[in-house]
Amino acid sequence: KAGVTQTPRYLIKTRGQQVTLSCSPISGHRSVSWYQQTPGQGLQFLFEYFSETQRNKGNFPGRFSGRQFSNSRSEMNVSTLELGDSALYLCASSFLGIEQYFGPGTRLTVT
Amino acid sequence: SQKIEQNSEALNIQEGKTATLTCNYTNYSPAYLQWYRQDPGRGPVFLLLIRENEKEKRKERLKVTFDTTLKQSLFHITASQPADSATYLCALGGDSNYQLIWGAGTKLIIKP
Chain A
103 KAGVTQTPRY LIKTRGQQVT LSCSPISGHR SVSWYQQTPG QGLQFLFEYF
153 SETQRNKGNF PGRFSGRQFS NSRSEMNVST LELGDSALYL CASSFLGIEQ
203 YFGPGTRLTV T
Chain B
227 SQKIEQNSEA LNIQEGKTAT LTCNYTNYSP AYLQWYRQDP GRGPVFLLLI
277 RENEKEKRKE RLKVTFDTTL KQSLFHITAS QPADSATYLC ALGGDSNYQL
327 IWGAGTKLII KP
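Chains as they are written, first to last, in our numbering: chain A, 103 to 213; chain B, 227 to 338.
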């Protein structure tokens, strides 16, 4: 089975812009979770989607949003980018929402 | 609030020895605990899951213990190899909530 794929792998944006990241889960997995990882904060949970519905949400501002499509592919959007949004954004898919299978991540740099 | 603690300092182990990593938690009663491995610039890779009613689980050279009284899990790598060098993360979960709570990870360095 193909693994989780994320696009793009690297992104450089300017403060104030918005960005959309994409994630394609493992075939058959209906749960997709998004995480932000920074050296100082570790893995921070953003949100989880299961069968197109947001099932859980972390403590991030409303600038961070996501959605899941009928084929389980997911996107996350960050509006009005801030310097502090620079991080590795990881997507993970799961069959039941327990064991997580991560993609390679998108490295976002905000200047 | 819920808290997970892993050794923030890197753990240096001689090749061939057993590496033991610790995961402690407070203010939480997890239904299961997971261990992941993460290499630099890559996403974490799932290694093992242990449930609250299990004391120990093994997979090849890996062993995990789970003590819900002490609120602690130990992760062992026997006959360690330089290729085992990575950051190891523990994560807690409950069956009623699919959100995992993650530790910050411990960097393991196996020296030849």
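The C-beta atom is built at its ideal place from N, Cα and C for all residues, glycine as well.
Below-8 Å beta-carbon distance, residue i vs any chain A residue
i        : result
B:TYR254 : no
B:PHE272 : yes
B:LEU315 : yes
Contacts of residue i in chain A (Cβ-Cβ under 9 Å)
i        : result
B:GLN260 : ILE200, GLU201 and GLN202
B:GLY319 : GLY199 and ILE200
B:LEU364 : This structure cannot speak to residue 364 of chain B, because chain B is shown only from 227 to 338.
B:ARG268 : PHE204, PRO206 and GLY207
Contacts of residue i in chain A (Cβ-Cβ under 8 Å)
i        : result
B:ARG277 : Residues of chain A passing the Cβ test: none, with the nearest at roughly 10 Å.
Chain B contact residues for residue i, given Cβ-Cβ distances below 7 Å
i        : result
A:ALA144 : Before going on, a small fix: residue 144 of chain A reads as Gly here, not Ala. Ordered by position in chain B, the residues that pass the 7 Å Cβ test against A:GLY144 are TRP328, ALA330 and GLY331.
A:PRO110 : Near A:PRO110 there are no residues of chain B at all, since even the closest Cβ is about 15 Å away, more than 7 Å.
Partners in chain A for residue i, counting only beta-carbon separations shorter than 7 Å
i        : result
B:GLN325 : PHE147, GLU150 and ASN158
Neighbourhood of residue i by C-beta, 8 Å cutoff - its chain only, sequence neighbours within 5 removed
i        : result
B:GLN264 : PRO270, VAL271, ALA312, THR313, TYR314, LEU315 and GLY331
A:ARG117 : LEU183, GLU184, LEU185, VAL212 and THR213
When the options are compared against residue i, the one with the closest alpha-carbon
i        : options                                   : result
B:TYR262 : B:LYS337, B:LYS281, B:GLY329 and B:ILE335 : B:GLY329
A:VAL180 : A:GLU201, A:VAL106, A:ALA194 and A:TRP136 : A:TRP136
A:LEU123 : A:GLN143, A:GLN202, A:SER188 and A:GLY168 : A:GLY168
B:GLU280 : B:GLU286, B:ARG287 and B:GLN260           : B:GLN260
A:HIS131 : A:GLU177, A:GLY142 and A:GLY105           : A:GLY105
B:GLN307 : B:TYR258, B:ASN253, B:ILE335 and B:ALA236 : B:ILE335
8 Å Cβ cutoff, residue i in contact with chain B
i        : result
A:PRO163 : no
A:LEU113 : no
A:LEU210 : no
Proximal residues to residue i (C-beta, below 6 Å), its chain only, five neighbours per side dropped
i        : result
A:LYS115 : VAL121, LEU183 and VAL212
A:LEU190 : GLN139, GLY207 and ARG209
A:SER133 : PHE152, SER196 and GLY199
A:GLN156 : PHE149
A:PRO163 : none
Within chain B, partners of residue i - CB distance below 8 Å
i        : result
A:LEU192 : GLY269 and PRO270
Sequence-distant residues of the same chain with beta carbon closer than 7 Å to residue i, five excluded per side
i        : result
B:GLN240 : LYS337
- Query: Going along the chain, which unbroken runs of the beta strand (DSSP E) with 3 or more residues stay wholly within the segment 120-188 of chain A?
  - Reply: 121-126, 133-140, 144-152, 155-159, 166-170 and 176-180
- Which residue spans inside the segment 240-273 of chain B form an unbroken beta strand (DSSP E) run of at least 3? 245-252 and 258-264
- Query: At which residue ranges does the segment 288-337 of chain B contain complete alpha helix (DSSP H) runs of 4 or more residues, listed in the order of the chain?
  - Reply: none
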